[in-house]
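Reading through the C-alpha cells given below for one structure.
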Amino acid sequence: MLQQRLDQVEERLAQAASRAGRRREEITLIAVTKKFAASVILEAYQLGVRDFGENYVQEFETKSSDCASLKAARFHLIGHLQSNKTAKALELFQVIQTVDSAKLARRLGEQSSGPLEVMIEVKLSPEESKVGAPPERLPELIEAIRENANLTLTGLMTMPPWSDDPEQTRPYFIRLRKLAEQHGLAQLSMGMSHDLEAAIEEGATRVRVGTALFGPRPKPV
Ligand SMILES: *Cc1c(COP(=O)(O)O)cnc(C)c1O
C-alpha cells in the first residue's frame, strides 16, 4: 500500500520536475507523519524515505525513541515552535523549518551546541494564520539568524491559505521564490499533497507530503 502510494508520488515528482525542466534530485520529498504512529515512519524508511516532517514537538517526542535506529533519517519540524519547547526541539529535529521571530532564533542559537539548520516560515497572507514572519520583517530576521554562529539559514517555508485548486496557491509559491532569490536563500519548502506540481514548477526544493503517502490522518480519539 505505502509502496504504491510512494511510487505514485515519485511519479508526480518526476513528471512535475521534467515539465519544469528540473531534475528530480533537486527536490527532497519530506514525508509528513503527524498523527501517525512511529511504525509508519519505520515503514517509509524501509522504502527509502529519509526526510520526515512532524508538526508537534510533544507528539514527536513520544515517537522518537522508536525512530532512534533510523540513522540516516532527517526530521524536520514543520509546525509552529513555541519558545518553551526549543530545547526539546533541538534534541529531536535536524531541521527547524518554522523560525518566525528573532526572539525564537536567538533562543535556538543560545541553546544549540552545533550548527543547526533552520528555515524561516513566511506568512504571505495576512488574514490566514497567526504564525510565520510577515515579508517586511524578513530582512531583520535573516540578519538575526545569520549573525548567530550556531544557526545555518538555508531557506524559506510557507503554508498558503488552503485551497483545493493549486492555481489559487501558485501565486504564493511564486512570491516565496522571489523572496528567497532576493535574499540569496537556496531552499524553498512549499507544496503539499494536492499542489506539489505547482510548487515544483515554481521552484520548490522541498515538498511536504502527508495524505498522498499515508492516506487521511487518523482522527484523534
Ligand atoms: C500536514 C502538513 C503537510 C502535509 O499536508 P498533506 O495535505 O497531508 O500533504 C504539509 N505541511 C504542513 C506544514 C503540514 O502541517
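Plus 91 on top of the position in the sequence shown (first one is 1) and you've got our numbering. Glycine is no exception: its CB is placed at the ideal position from the N, C-alpha and C atoms.
Relative to ligand 1, the nearest heavy atom lies less than 6 Å away from the CB of Met250.
Annotated three-state conformation of Val222 is coil, per DSSP. Selection Phe143, Ala271, Arg113, Glu152 evaluated against Glu288 yields Arg113 as nearest (Cα-Cα). In this chain, the alpha helix (DSSP H) harbouring Val148 covers 148 to 155.
Around the beta carbon of Met250, a 10 Å sphere encloses 16 or more other beta carbons of the protein chains shown; the residue is thus reported as buried. In the structure shown, Ala122 adopts extended strand secondary structure according to DSSP, grouped into three states. In the DSSP assignment, Gly200 falls within the alpha helix (DSSP H) that extends over 193 to 202.
Between the C-alpha atoms of Ala277 and Gly246 there is a straight-line separation of about 6 Å. C-alpha of Val186 to C-alpha of Ser203: approximately 12 Å in a straight line.
Residue pairing from DSSP places Met210 in a beta bridge opposite Gly246.
Burial state of Thr153 is exposed, judged by a 10 Å Cβ sphere holding fewer than 16 other Cβ atoms. For Leu168, the closest of Glu212, Leu93, Arg110, Pro217 by C-alpha to C-alpha distance is Glu212. Between Gln106 and Glu117, the alpha-carbon positions lie close to 13 Å from each other. Just so you know, the alpha carbons of His285 and Ser130 end up roughly 24 Å apart.
An exposed status is given to Leu138, since fewer than 16 other beta-carbon atoms sit within 10 Å of its beta-carbon.
Taking C-alpha positions only, Val140 is separated from Met210 by approximately 21 Å.
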